[in-house]
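Input: a single structure, listed below in structure tokens.
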Amino acid sequence: MSPELSFSHPNFRSKLKPRTSGSHTGLGSAIDHLTRIPRHPLDPLTVIEVERVQTILSSYPPFLSSFPPIHSLVLDEADKNRVLGWKKGDPLPPRKASVIALVNGKSRVVTVDLDLGRVTSHVISPSSSYPILRMDDMFKALEVALSYRELKRSVTARSGGFSDLVCVTPSGGWFGPNEEGGRLIKVLCFSGQNTFNFYMRPIDGLVLTVDLDKGEVIRFSDTGQDIPIPHATNTDYRHTAQEEDPEMKPLNSISIEHLNGPSLSIEDGHVVKWVN
Numbered sequence: 001m002s003p004e005l006s007f008s009h010p011n012f013r014s015k016l017k018p019r020t021s022g023s024h025t026g027l028g029s030a031i032d033h034l035t036r037i038p039r040h041p042l043d044p045l046t047v048i049e050v051e052r053v054q055t056i057l058s059s060y061p062p063f064l065s066s067f068p069p070i071h072s073l074v075l076d077e078a079d080k081n082r083v084l085g086w087k088k089g090d091p092l093p094p095r096k097a098s099v100i101a102l103v104n105g106k107s108r109v110v111t112v113d114l115d116l117g118r119v120t121s122h123v124i125s126p127s128s129s130y131p132i133l134r135m136d137d138m139f140k141a142l143e144v145a146l147s148y149r150e151l152k153r154s155v156t157a158r159s160g161g162f163s164d165l166v167c168v169t170p171s172g173g174w175f176g177p178n179e180e181g182g183r184l185i186k187v188l189c190f191s192g193q194n195t196f197n198f199y200m201r202p203i204d205g206l207v208l209t210v211d212l213d214k215g216e217v218i219r220f221s222d223t224g225q226d227i228p229i230p231h232a233t234n235t236d237y238r239h240t241a242q243e244e245d246p247e248m249k250p251l252n253s254i255s256i257e258h259l260n261g262p263s264l265s266i267e268d269g270h271v272v273k274w275v276n
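In full-length UniProt numbering, the protein residues as written are 1 to 276.
Here's what the structure looks like:
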């Protein structure tokens with residue numbers, strides 16, 4: 001899932017596609033992810049396997065005192081030659097999970113053997129290496145930014161209001177040698193006043209750099225005080241918001257289809273086979 005996020009003050013707004021227990025392949029029967037078992041060496045981890053990983057890590061000594069945030073949990077793929085030599089009906093290679101967790105500010109790459117029921121590898125990454133951001137990291141960055149006094153002062157001076165402010169976290173990463181050793185993320189802000197399409201109303205020159213581990217703004221750039229916020233007129237792209245009929249005539253309908261069916265098939269939910 002790749003969520004689109006938007007947050008505004010005083011209430012954060014989040015738009016996420018709902019999860020369901022089953023999905024449809026489009027070329028086969030629906031998959032029940034809650035009961036599915038792996039059928040191919042490269043099948044992704046099932047719900048049952050993910051729950052087993054959680055159980056194993058919950059009793060793993062380094063994680064006993066405090067269960068760490070999990071930033072990634074994926075299949076640890078078997079050796080390529082073993083996968084290529086596997087035939088349908090053969091026993092699956094050992095199923096393993098690769099887990100990236102953040103513990104005491106350091107990334108831990110943990111391998112969990114699901115057949116053995118234990119952790120078989122635990123590697124601490126270099127201090128400058130950090131995992132992908134979690135959703136709660138983004139929320140935390142926005143909470144820190146929106147509570148920063150200088151942000152409110154600047155926005156109020158530019159637009160006269162703070163209630164329609166919309167802030168997003170477009171990037172996380174490394175922003176220079178002086179910030180080595182920190183998990184940093186930039187926060188940009190927009191005005192959602194009188195428009196659904198707040199991206200058309202950027203507050204230029206206003207950038208906050210947030211240290212996620214310290215929970216504070218470490219840099220506040222406010223260089224665009226003389227740049228006006230674009231007007232909201234004609235920025236709403238939704239059809240229901242259009243006041244005038246479009247100048248262009250509607251396009252004729254287009255139909256794209258495979259008269260004899262698709263040239264590929266999907267087996268067991270994940271194996272794609274092409275006609276050639």
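From the three backbone atoms N, C-alpha and C, an ideal C-beta is built for every residue, glycine too.
Report yes if the CB atom of ASP211 is closer than 7 Å to the CB atom of LEU184, and no otherwise.
In the sequence shown, residue 211 corresponds to position 211, counting from 1. In the sequence shown, residue 184 corresponds to position 184, counting from 1. Cβ distance < 7 Å, so ASP211 and LEU184 count as in contact.
Quick one: what does DSSP say THR55 is sitting in, helix, strand or coil?
On the sequence shown, residue 55 is found 55 positions in, with the first residue counted as 1. Helix at THR55.
Rounded C-beta distance between residue 283 and VAL217? I'm assuming under 8 Å.
Because the chain is modelled from 1 through 276, residue 283 falls outside the range shown and cannot be assessed.
Whose CA, out of SER125, VAL99, PRO230, lies closest to the CA of HIS71?
For the purposes of this step, residue 71 is identified with residue 71 of the sequence shown, where counting begins at 1. When only C-alpha atoms are compared, the closest one is VAL99.
Pick from THR233, GLN225, THR169: whose alpha carbon is nearest that of MET200?
In the sequence shown, residue 200 corresponds to position 200, counting from 1. Checking every option, the nearest Cα to that of MET200 belongs to THR233.
With DSSP as the reference, label ALA145 as helix, strand or coil.
Taking the sequence shown and counting its residues from 1, one reaches residue 145 at position 145. ALA145: helix per DSSP, three-state reduction.
Residue range of the unbroken alpha helix (DSSP H) whose run includes LEU133
Taking the first residue of the sequence shown as 1, we reach residue 133 at position 133. Neither: LEU133 is in no alpha helix (DSSP H) and is coded neither H nor E.
Inter-residue Cα distance where the pair is GLY176 and TYR130:
For the purposes of this step, residue 176 is taken as the residue at position 176 of the sequence shown. For the purposes of this step, residue 130 is taken as the residue at position 130 of the sequence shown. Roughly 15 Å separates the two Cα atoms.
Contacts around ILE124, its chain only, beta-carbon distance under 7 Å, and the 5 residues preceding and following it disregarded
For the purposes of this step, residue 124 is identified with residue 124 of the sequence shown, where counting begins at 1. LYS106, ARG108.
Where does the unbroken beta strand (DSSP E) through residue 277 begin, and where does it stop?
Since the first residue of the chain shown is 1 and the last is 276, residue 277 is not available in this structure.
Tell me, which residues are paired with LEU251 by DSSP?
Along the sequence shown, read from residue 1 onward, the residue named residue 251 stands at position 251. DSSP output for LEU251 lists no bridge partner at all.
Alpha carbon to alpha carbon, how far is THR35 from LEU264?
Counted from its first residue, the sequence shown places residue 35 at position 35. Counted from its first residue, the sequence shown places residue 264 at position 264. Using only the alpha carbons, I get a separation of about 26 Å.
Unbroken beta strand (DSSP E) run spanning VAL272, endpoints
Taking the sequence shown and counting its residues from 1, one reaches residue 272 at position 272. Unbroken beta strand (DSSP E) run through VAL272: 271-274.
Could you tell me the alpha carbon to alpha carbon distance between LEU73 and PRO44, rounded to whole angstroms?
Counting from one through the sequence shown, the residue named residue 73 turns up at place 73. Counting from one through the sequence shown, the residue named residue 44 turns up at place 44. Their backbone Cα atoms lie some 10 Å apart in a straight line.
Rounding to the nearest angstrom, what Cα-Cα distance links HIS122 and VAL103 in this structure?
Position 122 of the sequence shown, counted from the start, is the residue given in the question as residue 122. Position 103 of the sequence shown, counted from the start, is the residue given in the question as residue 103. Roughly 12 Å separates the two Cα atoms.
DSSP state of HIS239, grouped into three classes?
Position 239 of the sequence shown, counted from the start, is the residue given in the question as residue 239. If DSSP states are grouped into helix, strand and coil, HIS239 belongs with the helices.
Please classify PRO126 as buried or exposed, where buried requires at least 16 other C-beta atoms within 10 Å of its C-beta.
In the sequence shown, counting from the first residue as 1, residue 126 sits at position 126. Exposed.
THR235 and THR195: beta carbons closer than 7 Å?
Reading the sequence shown from its first residue, position 235 is the one you call residue 235. Reading the sequence shown from its first residue, position 195 is the one you call residue 195. In contact: THR235 and THR195 (Cβ atoms closer than 7 Å).
Can you find the residues in the same chain that come closer than 8 Å, C-beta to C-beta, to PRO68, ignoring five residues on each side of it along the sequence?
Numbered from its first residue, the sequence shown carries residue 68 at position 68. Hits under 8 Å: ALA101, LEU102, VAL103, ARG108.
Length at least 4, wholly inside the UniProt domain "Copper amine oxidase N2-terminal" (40-122): the alpha helix (DSSP H) runs in chain order
47-58, 80-84
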